[in-house]
Amino acid sequence: MEQSGLMEDASQVPAPRRVGLFVTCLVDLYRPSTGFAAVRLLETAGCEVEVPPGQTCCGQPAFNNGDSATARAIARSIVERFEGFDHVVAPSGSCAGMLRRHLPELFADDAPWRERAERLAARVHELTSFLVDVCGSAAVERLRGAAPPRGVRTATYHDSCSGLRELGVREQPRHLLAAVDGLDLVEMRDAEVCCGFGGTFCVKYPGISGRMVSEKVENIASAGADAVLAGDVGCLLNIAGRLGREGRPVRVFHVAEVLAGMAERGIGEPASGAAGTGAVAGSSRG
Amino acid sequence: MIPESHRFPDRAGLALADEGLRLALDRARQGFIGNRRKAVDALPEFQELREAARRVKNHTLANLDLYLERFESQATAAGGQVHWAADAAEARARILAICREAGARTVTKGKSMVGEEVGLNEALEEADLEVVETDLGEYIIQLAGETPSHIVAPAIHKTREQIRDLFAEHHAPLGLGAPGLGNAELVARAREVLRREFLRADVGITGANFLIAESGSTVIVTNEGNGDLSNTLPRVHVVIAGIEKVLPGFEDLSTVLRLLARSATGQEMSVYTTVSTGPRRGEDLDGPEEFHVVLVDNGRSAMLGGEFREMLRCIRCGACLNHCPVYHAVGGHAYGWVYTGPMGSVLTPLIVGLDKAHHLPNACTLNGRCEQVCPMSIPLPTMLRKLRTRGFERGFGTRTSRMGLAAWGFLARRPAVYGSATRVAMGILGWLGRRRGAFRRLPLAGGWTGVRDLPAPEGETFQRAWRRRGARR
Ligand code: SF4
């Protein structure tokens, strides 16, 4: 606790948390809707959200392919851009995991930078775990009652690997989804098994990746849900791509879009709207 | 066994096309995962045990020279002989010499991964010794002329029908017909044939799951009891073991044993846990006349001194393979050498050379399930990443992937260029993909679109949209 026993003044309202949104490159490039949904959720939870300019990538492609020098250069610019915030939140378990678990590793031989990286890493959160674990139950109450995407009654949740195993994200998204009006969550078989995305893995070893994602898609279909949700756009692109290739009519959304009531055009759906709305999601900043 | 790991992509392709393999792997995986889960859930102190085992092994590795010397002196005091082999060739030569001195013609073998690692069978057969594998799985693949595809269950890739046919073919000269298809019938047949071999063998060679420093003993765990027969019936017993197998004492053994079978097969204990200490003593009713232990380094001391030391905690339980989605997809033979799955993807490059196996650490999604189940808490994904770093530094990987990566790295370090390049690219892609919502094919994206559609981006990048709308704020 950083609070001393003295209250600053009579006003009982705590200062809003200043949150820097780490957009992630996939949300930035592919799925702005997810970013706008994340902003709405954070603001509803009482945070003041900023999107520091000049964001690119968390550095995983370089880090996971052994190019530490590039990963380190990217890491420095992330530290500089984000160290002024109370918290850094990413709508991705994979990128949050990179920043929280691996950023300091990159500076093993550089004590000053390592300390800065460590200080930042400790304040990085995946979106759903930030809402539940940091913002707390009052904030979660305020998020209740979103309307599910049109035509979606049941959804199943895929646990992305890094969020699950590096950050312990499992119950948080399910807890939040339970508060969406009229949405039933059904569990698929092997929800915690990798979908075969794995960053550059999926294009370097397409045969193996293809086998993995077809098993995932099989399990999604067997669960009988109208939609599949996850906390990572990477997994979702992979899953949506395979669902589309097999012609399976399951819709695909980032969990934030559903929680914010902003899920309209699913991933991989035509712009005119398979859901028949024609509107582009994320037209409001809440 | 000659490493074929550099051909991983081709071998994986063959494996993916093999429907029989898929069935065999599916069945095995459900069994292994479910049984481990039950065994772990039934043991509330599993996590504490894991932590204790990690400590024991870390302590042992930090004092490995001391414990190995202790092991040697105790084993010698018990009447055994200890031999040191710096590499695979030395290990083969040592064991061959022991067999020659014993005038051996037939050798029975218990399952030994380090034996496979150093290519022992090939060397013995070349020297005109008859080698009979006595572990059921190893026996099956020996008949089939194959290599193990799993460190715990070497013949896991074989279906029952294939095994029956193998037996029928190879047992005909013994005057035996085709056995039935039931598990019991297949096992009974193997036992009948193998018993004859045990009685004929001059030398029995086994591996060791553990070496006990305080007593100079070797320990093996099996479910078939074949190890015991290889230990006790032949005149000479040779144990081949990696130097990392040593534990200080029996207390430590009991800690690690409680993890091993639960992690491997979901059993509380394997059926047989056999401790061998020296040759037969005067009053003993059975046991070998000679007891040899060949301690193999073969790259292990190099691991000890570097960033891969933690890999030496491995107790070869196979849990990481059993939970690896890549292993589930391609099976063990794709890895092209003795060790497979996550542990193999770390060990193979370290033992045979990264140049011959650089695919293995890359063929992984870093999903982390292996580390989660590893009873020895080995950070397998971290080690794979470290191997990737070495590979990157040495310039491995295809030109396209290195160029793609470099291009991305260039952009990711230059926000302004990134901003305008992505704005244009996403604008075009979003517009092209607006009708169907996804691409079936796209130039330069074959790796992606070969197996799945590529969903179209929304068009405008988030950062661009945010700034544009931010003007209203
Ligand atoms: S790495 Fe761990 S899980 Fe894999 S075989 Fe070794 S001890 Fe078992």
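In order, the protein sequence lines correspond to chains A and B. Note that the working numbering has the first sequence beginning at 2, numbered continuously upward. Note that the working numbering has the second sequence beginning at 1235, numbered continuously upward. We put the beta carbon where it would ideally sit given N, CA and C, even for glycine. Since this is a predicted model, take the numbers as computed values, not measurements.
According to DSSP, is residue i part of a helix, a strand, or is it coil?
| i | result |
| --- | --- |
| B/Gln1315 | strand |
| B/Leu1529 | strand |
| B/Glu1364 | strand |
| A/Asp227 | coil |
| B/Glu1694 | coil |
| B/Val1473 | strand |
| B/His1593 | helix |
| A/Ser12 | Because the pLDDT of A/Ser12 is 47, which lies under 50, any placement of that residue in the model is unreliable, and the number read from its coordinates should be weighed accordingly. Here A/Ser12 sits in coil by DSSP. |
| A/Glu188 | coil |
| B/Phe1673 | strand |
| B/Pro1388 | coil |
| B/Arg1245 | helix |
| B/Lys1343 | strand |
| A/Arg252 | strand |
| B/Tyr1301 | helix |
| A/Arg145 | coil |
| B/His1567 | helix |
| A/Pro105 | helix |
| A/Ala282 | Low per-residue confidence applies at A/Ala282: pLDDT is 36, beneath 50, and the placement is therefore not dependable, though the value from the model is reported in the following sentence. Here A/Ala282 sits in coil by DSSP. |
| A/Val204 | helix |
| A/Ala91 | strand |
| A/Arg18 | strand |
| A/Cys48 | strand |
| B/Arg1702 | helix |
| B/Pro1689 | strand |
Hey, is residue i close to ligand 1, as in C-beta under 7 Å from one of its heavy atoms?
| i | result |
| --- | --- |
| B/Ala1495 | no |
| B/Met1577 | yes |
| B/Glu1621 | The residue you asked about is not Glu; residue 1621 of chain B is Leu in the sequence shown. B/Leu1621: no, Cβ never under 7 Å from ligand 1. |
| B/Pro1609 | yes |
| B/Ile1390 | no |
| B/Ala1553 | yes |
| B/Arg1709 | Given that chain B is displayed from residue 1235 to residue 1707, the structure contains no residue 1709 of chain B and the question cannot be resolved. |
| B/Ile1585 | no |
| B/Leu1614 | yes |
How many whole angstroms separate the CB atoms of residue i and residue j, which I take to be in contact at a CB cut-off of 8 Å?
| i | j | result |
| --- | --- | --- |
| B/Leu1614 | B/Met1577 | 7 Å |
| B/Ala1327 | B/Asp1436 | B/Ala1327 to B/Asp1436, Cβ: 19 Å. No contact. |
| B/Lys1291 | B/Gly1500 | Incorrect: roughly 22 Å between the Cβ atoms, too far for contact. |
| B/Thr1489 | B/Val1455 | Actually they are not in contact, since the Cβ atoms of B/Thr1489 and B/Val1455 sit about 14 Å apart, beyond 8 Å. |
| B/Ala1262 | B/Val1564 | With a Cβ gap of about 14 Å, B/Ala1262 and B/Val1564 do not count as contacting. |
Would you call the CB atoms of residue i and residue j closer than 8 Å?
| i | j | result |
| --- | --- | --- |
| A/Met263 | A/Ala38 | yes |
| B/Val1470 | B/Glu1524 | yes |
| A/Ser138 | B/Glu1692 | no |
| A/Val187 | A/Ala224 | yes |
| B/Arg1670 | A/Pro271 | yes |
| A/Gly94 | A/Leu165 | yes |
| A/Asp182 | B/Thr1695 | no |
| A/Ala226 | A/Leu184 | no |
| B/Thr1582 | B/Ser1383 | no |
| B/Ala1655 | B/Phe1673 | no |
| A/Leu144 | A/Leu42 | yes |
| A/Ile268 | A/Leu237 | yes |
| A/Val89 | A/Cys48 | no |
| A/Ala228 | A/Arg243 | no |
| B/Pro1237 | B/Val1580 | no |
| B/Leu1363 | B/Cys1333 | yes |
Can you tell me whether residue i sits near ligand 2, meaning its C-beta is under 7 Å from at least one heavy atom of the ligand?
| i | result |
| --- | --- |
| A/Leu107 | Only ligand 1 can be found as ligands here, which leaves ligand 2 out of the picture. |
For chain C, is any of its Cβ atoms less than 8 Å away from the one on residue i?
| i | result |
| --- | --- |
| B/Gln1281 | Here the protein chains are A and B, and chain C is not one of them. |
#### Entry: the region 1348–1357 of chain B contacting the region 1555–1565 of chain B, beta-carbon criterion three pairs below 8 Å
no
key: Touch test, the region 202–210 of chain A against the region 1679–1689 of chain B, Cβ-Cβ under 8 Å, three pairs minimum   = yes
Review point. Would the region 1565–1581 of chain B and the region 1237–1247 of chain B be scored as touching if the rule is three or more Cβ pairs under 8 Å?
Key: yes
Self-check item: Contact between the region 55–74 of chain A and the region 1647–1658 of chain B (3+ Cβ pairs under 8 Å)
Solution: yes
Is the region 238–248 of chain A touching the region 101–113 of chain A in the sense that three or more CB pairs, one from each, lie closer than 8 Å? no
*Touch test, the region 1597–1610 of chain B against the region 1278–1289 of chain B, Cβ-Cβ under 8 Å, three pairs minimum*: yes
| Three or more beta-carbon pairs under 8 Å between the region 1465–1483 of chain B and the region 1378–1395 of chain B, yes or no? | no
Is it the case that the region 1307–1325 of chain B contacts the region 1413–1428 of chain B, given that we only count it when at least three CB pairs across the two stretches are under 8 Å? no
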